[in-house]
Every structure is written in C-alpha cells, then in structure tokens.
Amino acid sequence: MKLYELTITEARKGLLEKNFSARELTSACLERIKAVEPKLHAFVTLTGEQALEEAQKADTLLGSGDVRPLLGIPISIKDNFCTNGVRTTASSNVLRNFVPPYDATVVRLVTEAGAIRLGKTNMDAFAHGSSTEASDFGPTRNPWNIERLPGGSSGGAAASVAADEAIAAVGSETAGSIRQPAAWCGVVGLKPTYGRVSRYGVIAMASSLDSPGPITKSVEDAALMLEVLAGHDPMDATTSPLPPKPYRKLLKEKRENLTIGISDDYFNGVDPEIVAAVQKALQEFERLGHKVKKIKLFDPQYAIAVYTILQRSEVSSNLARYDGIRYGFGRDAFGEEAQRRIMLGTYSLSAGYYDAYYAKAQKVRTLIVEDFERAFQEVDVVIGPTTPSTALPVGSSKDHPMFGEISDVLVEASTIAGLPGISICCGFSKELLPISMQIMGPYFMEDLILNLAYQYEQVTDWSNRKPNL
Amino acid sequence: MEINVEHVAKLANLPLDEKRLEILGKQLTETLLYIDRLNEIPTEDVEPTSQVTGLTNVMRDDTVSDSLPQQAALENAPDTYNGYIVVNAIFEE
Amino acid sequence: MSNDIRTITYQPVIGLEVHVELSTASKMFCRCSSDYFGQEPNTHTCPVCLGLPGALPVPNEKAIEGCIMIGLALNCDIALFSQFDRKHYYYPDLPKGYQISQYQHPFCAKGYILLSNNKKIRIRRVHMEEDTGKLMHQDLDGRAVSLIDFNRSGVPLVEIVTEPDFENADQVKEYLQKLQQIIRYLGVATANPDKGEMRFEPNISVRKAGETGLPDYKVEVKNINSFSFVERAINYELKRQSSILERGETPIQETRGWDERRHVTLGQRTKEEAMDYRYFPEPDIPPFQWQSEQIDALRKALPELADAKKARFIQSYSITDYDAELLTRERRLADFFEEAVKVGQQHGVEPKIIANVIINKKVDIDTMVPAELIKDIVASRKIEAIDETELLAVVQEAIASNPKAVEDYKKGKTNAVMFLVGACMRQLKGKATPERVKELLVARLDAM
C-alpha cells in the first residue's frame, strides 16, 4: 500500500510507530498530486514547500512524544476558508489576488491539531453550485471518470480525497456541498449540525445554513476530524455552547435496535440503480439488528423552493461587500452564476416582494423544521439516497439556473432544518461510478449517524475501492 | 410576471449590459415560476424561522484586543495613500 | 412676522433623527478599540470591521445595555423580543455593503421627552446599529478622490427617532439639550457634537397655520453636527419651503445636505427611486429574548436624571428653581453640590448658601473638593460674624498693652506691626482676617 492511500487513522498509527515520517508521508502526497493533478485540477493553490516545512516541524514534535490528533497528517482545505498569508479565492475572479490577514477558526484548529496543509481546493465560485464547473478557474474532474463532474461545491475537496492526493479534506456545506461531492466521488462526507463547527473565516454563502465539515476516506476519520473541528467559537455567535462529544469513542459503542426512517418522496425520481443500492444497504442495517420504518416527510420539492429563496437572498447580501475597494476586484468581476443569485436574492428582498418570497420561505422553513421534529419522535435516524443520480458528465450544469438545487434535492430539507447528515458509499453503478446513501439525524446527534455509518462500513468493503487514475 | 431587471441590477449594484439583463430576466422568471409552488402551502399562522440555533442573547464583554497593523489592513487594497484607502471621488452634493 | 394680511403664515412640522456614538471600550461587533478620534487612519480595524470575507459580528453587551438604558431614560417600552437586521446600500465607507441595524424589532420604542412648557415630544424608536468609516474628499495629483479611514467603522451607534412633533426650532433645541443631558447623566456616551459623537438629521415640512394633517412631503437634512446648525437649517428650510408654497408649488421630497460654510441646505443628487434597503434578519446574530426581570434590573440601576434631581433639590434643599436648574445641568456639578451639602450639614452651612456660592463664585469643581468649599464658607462666615466696634476695641487694647512694639514701629521698624497683628489674632480667635486687623492697626498707629 502506498503512503498516500492511507486513512488518517492508519497514517497516524504509522507515524506514531515511526514506520515513516511526516515528511515522507507529505512527500508521498505531493508526488501523488504532481502525478494526478493535471487530470483532475482539484487544487486552486498548492503550498507544497510550506507543507514540507510543516512536516519537518511535525517530525520534531512526533519525536518528542507529541500525540495531537492530526500531527503530521497532510490535508487539503477548501478555498473558501481564509488562510493567513495564503491566497484565498473561493474560486472566484473577484478574489483571485486576495491574501487574508487571518485564519478561519477551522484552519486554526486543524493547524493546532498538527495537520499539514497541502493547499486550497477548487470549488464552485463562492460555493454557488454542485458541480465545481462554476469555478472561475476551470472545473475539477471526477477521479472515477474524468469525463464526469465531481459534484460540488466542495468538488476539489472530495476529488482530492478520492484520488488520494490528500489524506483528508476540510469542506463546507450549505445544502449538499459536502454530501453531494462526497457521494459522487465515493468518499465519506459529514455535514455537522448548523452551529456545531465555527463559520468564522469561511467566505459566507448563505449564513443561516453554512456548515463546515470533513471529507474523509473512512467514517472513523470523519469522527476524528469532527473532534478537532467541533466546538463553541467566541468569534461566531451562532456556534453552540454544547460541548462536543468524544466521537471516536462513541463510534465503537454498540448501538442496536435503532429505528431507521425512510420516506418514499426521497426515492421518487431517483436513478433505479441508486434506489436498489440503498435498499440493499437498508437490508444490511436490518441484518445488523435495526428496524426500517416508513415515514412521511415533507415533499423535498418544496424544500428546493424554500432553499432557493433563502440562499439567494442571503447570497445577495453576503456578496454586497465585494466592491474592489478594500480587496479583490469590483462587481464587474462576478461570474454568471453569482450574477444570477445576486439578482434573484435582491429581487426577493426588495420592497413589495419580501413577504411573497423571503417571509414565505421562512415560514415554510418553520414547517420543515417541525416536520423533522415529528419524524425524530418516531425514528432515530432517516436514511435515503444522497443524490438522485450518479456523477453527471462534464458540462451538465451549463445554463441550467437550478442545476444545483435539483441535484441537491435530497439534502436540502435537512439543511434548511440545520440537521446533521453523513454520506457514505453504498455501491457502484454499472458505469463504475460511486453510489452513496445519507444518514440524517437529530440536532447534535453526529455521534449517532457516525456510529451507524461505521457499523455499515465494517460489514461492507465499498470504501476499499480505489479509482483507476 | 414582469420583473424590472434594470431596477434590480441597480439595487444590486451590478454593472450589466442589456444583453446580460435580458438573459438574467428570463432565468429569473423561470426560477420564480419554480418557487411559486410554495403558495400551495398554507402558512397563515406560521411564525418565520430566520435561524435554527435556538440561541438567544449571545453577546461578548466589552474588552479591547489588538487591531490589525495598518499595513495588513491596507495590504489587499488596490489604491492607498498615506494610510488611507483611495476611491474615485464620491460627492455628497 | 409680516403684517401683510395676504401672507399666509406657515408652520413647520419637524421630526428628528439623532445618532449618538456610545463610549464603550471596544466596537459594536468586534474587539477593536472604539477610541478612534484623532488616531492614525486604518489603525483600528480587523477582519470584522473591515468587512473581510468570512468575518462575523459578535455583539457588545455593554453597548446593548447602553441602548436599552437610553430607551428606559426616554420612557420607552423595551421589547422583550428583539433582533438585528441587515440594511443594504452601497457606499465606499460601508464595508459590508450593509449596515447591521434594527428594523422590525428595535430594542426600544414609544417613549417621550417632556419639554419645559410640558409639550410632549414622542420618541418613535431607539435602536442599536454600527457606525460607518469616514470619507475625506481631496485632490490627489489632479485627480479628485475620496480617502477612506475605517477606524470609525463599527463603533456602536444608537439612533433615536422622534415623531414629527416639533413646531419650531426652539423646541428642537431644547429637546436636543435635554437628550444630550440625559445621555451624559447615564454615562453611556460623551455626546460631543463637535467630535461627531452626536449627529442630527431633522426632517422638515411646512403646512399652513391651523392645519393639522401631515404634509405629503418631507425634506431630510443631513450632515449637521451642532445644535445651532440644526436651528439654522430648520429656519432656512422653513423660509425656503414657505416661499415655494407661496408660489403655489409643493416642495419636492428629498434629502438635502447642510453646507456649514454658507449656512444653506443644498439638494443632493435626486434619487429617482426611493431607497430600498432590503432589510432582513441578521443571520449571524441570534435574536434577543429578555426576561422582564432583566429589564427591571436595568431600570433600577438607572441613575437619577436631571429632571428628577432638580425637583428633589428644590424639595429637599429649599433652593430656587433657577439654582436647581443650573446645579443639575451636569451630573458632576450636581454630585459636587450634594456632597458639599452633606459636609455643610456638619458645620451648620445651609444648602441655599452652598448653592449661591457655587453659582455666583463660579467654583471650579475640577480643582476643588466639596469639603474645601465648606471650609472656605465657614471661614468667611466667621469674619462676617464679628462686630466692627468689638474689633476696634481689640486693636486699641493691643496698642495699649504693647508700648515696645508701638515704639519700634514709630522708629520705622514697620515689621513690628506684625507682632501687634499676632496679639490681636490671638484675642479674636480667627473671627477676623489678619489683613483686616493689620489695616486697622496701621491706620491707628499712623494717626498716633
């Protein structure tokens, strides 16, 4: 096995047992990047030299018996996380020369945990999209088939992990931006509860929905990353004061006899290959001693409409600061997708339309929140497909003003409610593209969805498959 | 539905030419048609949700910490002069 | 007022928006120092107040308390549910493209201030927001530019909005003095207009005398930073609008700027469409839900304000309305007076006397403590207490019983008089000043 193929858990073991050094591990990742990056374009900015310096320091610390959780682990960071002194563009021309004077809280946390930062990953510009085709710096390709899209907006992050360029990645989700690319790239994507992980320093998309989270090769890695990322941040007033849990420990606790909810609306119109794979996974869960129960959830078609209004409105506001005066380029530098979103958001907040659109969407949001509350009185978790299709061909998103909303239809409701969800691979299509399911849980029950995902991962071997690059 | 795209673009401070405005107008209408299905859901007695944290009264104490050095504050600005950021004249009158 | 019977008399209808910067240590939503006045440009900024990508606001508790205290002092209802909203507009001094302000649910609403003639000026709302950066217009190598300093960006600002209740500029002036006094009494702001800590935006329209409905237009005047300019701007607008009305036209609804050099208001770029701020609830800041006990506690913690203090001074110290008014203008002076009254009580000095001395002698409360003032009053009172005949008798007695000293004096040793002064002072036990005693002695001796 190549060093770059390791999970965090495996690499950490190797580092602590001195089977290899952080420098060797980092070099292996950098070599891998050099080899596959021309095909993939997962990164916007590479910081190889800095990574090797960080690795050197990590080796010294390892030598002195330091055991911090990510010490010497090379990871990638989505380019919407501000990195002090390292260009941060959100893959938009507006910020193509922006070098932040500060670190996002999440960046500070992974750095303090000892992680080595390989570079910044590509995304849909300002996270507007689900394809990474809407990057102003060109699309990222899916490692399983470079004629396919990796999904998005954390497409670079998911591709970097699936292609073994990075051991793990930090991404962010507004609605689907972690789960959907993780699903299309066949890796693990965890979207925590809104407010579980700090948004400070994350270039805002839709402030009431944005949730940073990890993309990893294994469920255990996701648990470890969450331990590093989760917690209250005095710089983000919307973070929860609830203490994070020992997610790795809780992963291995025996949890039986859980009730898994499924809703027909989450299977309607979904690619039959995906439906079949998820149904097989549900049988697996039954074999593991859990019950599957049919429930009725709010039709996800309405969630699309709610999400579109809320997100566009907040986007129009969050992008108002880009005027080219203090940093970056002016308002003529926005790409077409940003223009579309700003226009709709401005319209829906403007005098005379606020009640019909924004206020209406906020009210339906209340109904969606209540709908999940009811559901979680009946069942412990909800499982469904992550995406209605497997990875679509490059070019699919062009001139499709709601491409993202449609491909994220199955994750939007839970995002609107702020609930946690995890996407894991549960099969492959005939075209050898990954198929994934998602497990959604109640607020702050990341430990529960991680535990179930882990149970499933232990009895299947989908996550051992590697793309042929 | 008629949308005054020019007015919206002005509010949004987006410099767009006529051709772009026309395309955006069409796409806006298309998206709004999709959104109109929300009207199928009655919401007369429903309170709006603007955030889902359940938190209230989040504040910090009134203590000062270091600001950015002037040079760091100006570093990314395309035009500066004597510690100020420069823009083309804005007239109040 | 004109005697011409054809002239219709016009009456202004005036409302007022006042912005007050709170004197907190840190800014509204970040920990940068809010002490920006006179500092080097762009040295008091951070990702939050520069509006950098990714930065988030966290509200300053002390500022919010200050806002609510102002609301309480202005007799407002304090909303138990409140929230911040984003107010969108584009201007280079507004870094985020929106200002965090309050729209639907301000902290305080529906208060009033009573003027001296008992006229009630209703306060519509008191809300919390953040200040913008500062623009300076300048010519740079032949290019007209604006220079931006973001040090002021994010300083806590309280906006106090009245109903259109003022009938003339005098009422506005009295209201502003009262408002400033209340805010200073609360200690939440220094409210110096000349430092930009208090800024005024009157909206003015004019109607025929006797009419009661609101005119269908109003003119807002911006950029005013002194009480007297508010007065002048209102009187200028009253004249300008009246003459338009007299021509049979209606003034246009607009925003005008105050030109402080020429003392006129000038139309700003006419906006073809009304401002559309696209307010929506600030998603980065959870809302506020107060318990009524929290508000009661703040209400109890409010200091006694000028009007109440004045009434109490008149009542408990039997001083005149006029004296009480002067003594309570500033909280520091009122506190000095009360402290002096306390000390005075122990020495039998009446509050009335103390008030007189403070007002007439223009006592400098920066250099003197109340106890010193009382000591001085006691001393001067003893001097007044002695009878002139008694004083002369003591002087006579001293001359008679100290022939040696008298002789020395006569021989030209003028210093010898001091010996006699000493002898007198021992007798008088401080009931007269040495100067006065010396004066009498010298007169006597020289006449011998």
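Chains as they are written, first to last, in numbering that gives the first Met the number 0: chain B, 0 to 468; chain G, 0 to 92; chain E, 0 to 447. Backbone N, C-alpha and C define an ideal beta-carbon position, used for all residues, glycine too.
- Query: What in chain G is Cβ-close to P477 of chain B, meaning under 8 angstroms?
  - Reply: Here chain B comprises residues numbered 0 to 468, so residue 477 of chain B is not present and cannot be evaluated.
- Message: Can you pull the chain G neighbours of L207 of chain B, defined as C-beta to C-beta under 8 angstroms?
- Response: Checking the displayed sequence, the identity of residue 207 of chain B turns out to be Ser instead of Leu. Simply S49, Q50, V51.
- Query: Hey, which unbroken runs of the alpha helix (DSSP H) at 4 residues or more fall wholly within the stretch 345 to 400 of chain B?
  - Reply: Counting whole runs of 4 or more residues, the stretch 345 to 400 of chain B contains the alpha helix (DSSP H) stretches 359 to 377.
- Query: For the candidate residues E:V229, E:P155, E:E129, E:S242, whose alpha-carbon lies nearest to that of E219 of chain E?
  - Reply: E:V229
- Where do the N-terminal and C-terminal ends of the beta strand (DSSP E) with N317 of chain B fall, by residue? Unbroken run through N317 of chain B is the alpha helix (DSSP H), 299 to 317; no beta strand (DSSP E).
- Message: Measuring straight from C-alpha to C-alpha, what distance separates E445 of chain B and P419 of chain B?
- Response: About 6 angstroms.
- the stretch 431 to 449 of chain B touching the stretch 289 to 308 of chain B, judged by at least three CB pairs closer than 8 angstroms: no
- Could you tell me whether any Cβ in chain E is nearer than 8 angstroms to the Cβ of V85 of chain G? yes
- Are S81 of chain E and P56 of chain E touching if we call contact CB-CB under 8 angstroms? no
- Message: Can you list, in chain order, the residues of its chain with a C-beta nearer than 8 angstroms to that of T8 of chain B? Leave out the 5 residues immediately preceding and following it.
- Response: S217, E219, D220, L223
- When E:E128, E:I373, E:S317, E:K217 are compared against P11 of chain E, the one with the closest alpha-carbon: E:K217
- Contact set between the stretch 369 to 382 of chain E and chain B, restricted to residues whose Cβ is under 7 angstroms from the partner: For the stretch 369 to 382 of chain E, the set of positions with a beta-carbon nearer than 7 angstroms to some beta-carbon of chain B is empty.
- Three-state secondary structure (DSSP) of F80 of chain B: strand
- Could you check which residue in E:L21, E:Q293, E:Y97, E:Q344 has the C-alpha nearest to that of L51 of chain E? E:Y97
- Query: In chain G, which residues lie less than 9 angstroms from V305 of chain B when you measure between Cβ atoms?
  - Reply: I34, L37
- Query: Under a three-way DSSP split, which group does E271 of chain E fall into?
  - Reply: Confidence at E271 of chain E is low in this model, with a pLDDT of 47, below 50, so its placement is unreliable and no value can be given for it.
- Query: Should F36 of chain E be labelled buried (16 or more other beta-carbon atoms within 10 Å of its own) or exposed?
  - Reply: exposed
- Query: Apart from the five residues just before and just after V227 of chain B, which ones in its own chain have a Cβ nearer than 7 angstroms to its Cβ?
  - Reply: Once the five neighbours on either side are set aside, the close Cβ partners of V227 of chain B are P68, L69, L108, V109, A112.
- Task: Return the CA-CA distance between P243 of chain B and R178 of chain B, expressed in angstroms with no decimal places.
- Result: 21 angstroms
- Task: Name the two residues that bound the continuous beta strand (DSSP E) containing H6 of chain G.
- Result: Segment 4 to 10 is the alpha helix (DSSP H) holding H6 of chain G; no beta strand (DSSP E) there.
- Grab the span of the beta strand (DSSP E) containing V109 of chain B for me, first residue to last. Note, V109 of chain B: premise wrong, no beta strand (DSSP E); alpha helix (DSSP H) at 104 to 111.
- Query: So G110 of chain E is in the alpha helix (DSSP H); what residue range does that whole segment cover?
  - Reply: Careful: G110 of chain E lies outside any alpha helix (DSSP H), inside the beta strand (DSSP E) at 107 to 113.
- Message: Suppose only complete runs of 3+ residues qualify. What are the beta strand (DSSP E) ranges in the stretch 172 to 212 of chain B, listed by chain order?
- Response: 187 to 190
- Item | Check whether M197 of chain E and V19 of chain E have beta carbons under 8 angstroms apart | yes
- Message: I'd like the span of the alpha helix (DSSP H) that includes R443 of chain E, first residue to last.
- Response: 433 to 446
- Item | Residue-level contact to chain G via CB, R95 of chain B, 8 angstroms cutoff | Answer no: the Cβ-Cβ gap between R95 of chain B and chain G never drops below 8 angstroms.
- Query: Secondary structure at N87 of chain G, three-state DSSP: helix, strand or coil?
  - Reply: strand
- Going by Cα to Cα distance, which pick from B:G440, B:E430, B:E336, B:G403 is closest to I421 of chain B? B:G440
- Give, in chain order, every unbroken run of the alpha helix (DSSP H) that is at least 4 residues long and sits entirely within the stretch 57 to 98 of chain E. 60 to 72
- Which one of E:V187, E:D295, E:L178, E:Q267 has the shortest CA to CA distance from R255 of chain E? E:Q267
- Query: Is it true that the stretch 174 to 188 of chain B meets the stretch 22 to 30 of chain E, where meeting means three or more beta-carbon pairs spaced less than 8 angstroms apart?
  - Reply: no
- Item | Three-state class that DSSP yields for E349 of chain E in the structure shown | coil
- Query: If you measure beta-carbon to beta-carbon, which residues of the stretch 29 to 49 of chain E are closer than 7 angstroms to chain B?
  - Reply: P46, L49
- Task: Would you check if the distance between the CB atom of S206 of chain B and the CB atom of E313 of chain B is smaller than 8 angstroms?
- Result: Closer than 8 angstroms, so yes.
- What does D480 of chain E reach in chain B if we use C-beta pairs closer than 8 angstroms? The structure shown does not extend to residue 480 of chain E, since chain E spans only 0 to 447, so no value can be given for it.
- Query: chain G beta carbons: is any one of them nearer than 8 angstroms to that of K61 of chain E?
  - Reply: yes
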